[in-house]
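Residue 265 in numbering that gives the first Met the number 0 sits at position 266 of the sequence shown, with consecutive numbering throughout. In this text, a Cβ means the ideal position worked out from N, Cα and C, and glycines have one as well. To start, the structure itself, in structure tokens.
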Amino acid sequence: MSEEPTPEGGRDRTPLWRHVRDDLRARLEQGEFGDSFPGEMELAKRYEVSRHTVRAALRDLRQEGLVTAARGRRPRAAGEAVIEQPVGAVYSLFASVEAAGLEQRSIVRALDVRADAHVAVRLGMEESTPLLYLERIRLADGEPLAHDKVWMLASDARALLDVDFGHTALYDELAVRCGIRLVGGEEHIKAVTPTAAEQKLLGLPDGVAAFSIERLGRTHGRTVEWRTTLIRGDRFSVVARFDARTGYRLDPAPAPFTRPRRSLRGLDPVL
Numbered sequence: 000m001s002e003e004p005t006p007e008g009g010r011d012r013t014p015l016w017r018h019v020r021d022d023l024r025a026r027l028e029q030g031e032f033g034d035s036f037p038g039e040m041e042l043a044k045r046y047e048v049s050r051h052t053v054r055a056a057l058r059d060l061r062q063e064g065l066v067t068a069a070r071g072r073r074p075r076a077a078g079e080a081v082i083e084q085p086v087g088a089v090y091s092l093f094a095s096v097e098a099a100g101l102e103q104r105s106i107v108r109a110l111d112v113r114a115d116a117h118v119a120v121r122l123g124m125e126e127s128t129p130l131l132y133l134e135r136i137r138l139a140d141g142e143p144l145a146h147d148k149v150w151m152l153a154s155d156a157r158a159l160l161d162v163d164f165g166h167t168a169l170y171d172e173l174a175v176r177c178g179i180r181l182v183g184g185e186e187h188i189k190a191v192t193p194t195a196a197e198q199k200l201l202g203l204p205d206g207v208a209a210f211s212i213e214r215l216g217r218t219h220g221r222t223v224e225w226r227t228t229l230i231r232g233d234r235f236s237v238v239a240r241f242d243a244r245t246g247y248r249l250d251p252a253p254a255p256f257t258r259p260r261r262s263l264r265g266l267d268p269v270l
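Structural data, given as structure tokens:
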């Protein structure tokens, strides 16, 4: 990208990074980078400029909220739903975040043993049954992605009290330390309008919805886990694959969910 003549016959003295910024801004506003935003090296090659010039252009676009990026990670268009989860398959949010080229970290807000009558009943146990409780803010590239709360029988999962869940997958630790692997479950997903407190917790802009996910995890005929997750709607999407023979269904949620809603059936979650 070289300087261009001005209408007066002089030279265009506008810095190159501003030309790059303005062109990228126009393309972003037109939705050109809906699938994947180019990395710095690709942009430098495309515009025939240095990476320093590209970084200067991206700095302004980040300040405008049009792109996001963290140190050592490629930029992406703001609002791009980079985390995808398949319907009807065992999946790992931890693995999906890192597969998208993002670093998965967690802020642990609670890890202890407590009683919760409501959850114990969902797990098919007496109301006073001791439960292991883990609450985390899940981060992708340092940005909040989900607020995750999980309950398990303390008799199954007490060994997890010694785990640092800042950067590890819960079910990997459950398998290694407790000898338990989830093989299936039931998951219910709905779109919700987050409260002001939830917006603040997840750093959600006004007008952005979230997914509320409730799930029971099972292994070999018995329930192991009850989990609730609130996940940002602008960074997460659900993908359904189907064919003419098996297809897929959307069914009303059965008890114990008391409020009418639509649910995605056939999910076997592993987060």
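Cβ-Cβ distances below 7 Å link Asp59 to Arg20 in the same chain, with the five nearest sequence neighbours on each side left out; the list follows chain order. Counting the other CB atoms within 10 Å of its CB gives Met151 a total of 16 or more, which places it among the buried residues. For Ala153, the uninterrupted alpha helix (DSSP H) run begins and ends at Ala153 to Ala156, by DSSP.
Judged by their CB atoms, Arg214 and Gly184 are nearer to each other than the 8 Å cut-off. Taking a contact as a CB-CB distance under 8 Å, the pair His146 and Leu200 counts as one, their CB atoms being some 6 Å apart.
When secondary structure is reduced to three states using DSSP, His146 falls in the strand class.
For Gly64 against Glu142, the beta-carbon gap comes to about 13 Å, at or over 8 Å, which does not count as contact.
The beta-bridge partner set that DSSP reports for Leu215 consists of Glu185 and Trp225.
Rounded to whole angstroms, the separation of the alpha carbons of Ser127 and Arg113 is 9 Å. With 16 or more other Cβ atoms from the protein chains shown falling within 10 Å of its own Cβ, Leu23 counts as buried. Residue burial is scored here from C-beta neighbours: Gly178 has fewer than 16 other C-beta atoms within 10 angstroms and is therefore classed as exposed. With contacts defined by Cβ atoms closer than 8 Å, Ala139 and Val96 form a contacting pair.
A direct Cα-Cα distance of roughly 9 Å separates Thr52 from Pro14. The DSSP-derived three-state label of Val53 is helix.
The distance from the Cβ of Ala208 to that of Glu197 is about 11 Å, inconsistent with a contact at the 8 Å cut-off. The residue among Glu134, Asp205 and Arg221 with its C-alpha nearest the C-alpha of Asp163 is Glu134. Between the alpha carbons of Glu28 and Leu101 lies a distance of about 24 Å.
Shortest Cα-Cα distance from Ser154 to any of His219, Glu224, Asp171 and Val191 involves Glu224.
C-alpha of Leu169 to C-alpha of Gly123: approximately 22 Å in a straight line.
Of Ser49, Leu181, Thr228 and Glu31, the smallest CA-CA separation from Ala156 is found for Leu181. With contacts defined by Cβ atoms closer than 8 Å, Arg231 and Leu110 do not form a contacting pair.
For Gln198, the enclosing alpha helix (DSSP H) starts and ends at Ala195 to Leu201.
In the DSSP assignment, the residues bridged to Glu134 are Ala109 and Lys148.
In this model, Leu159 and Ala195 are separated by some 32 Å (Cα to Cα). Cβ neighbours of Ala43 within its own chain (closer than 8 Å, five residues either side excluded): Ser49, Arg50, Thr52 and Val53.
The three-state reading of DSSP puts Arg24 in helix, counting H, G and I together.
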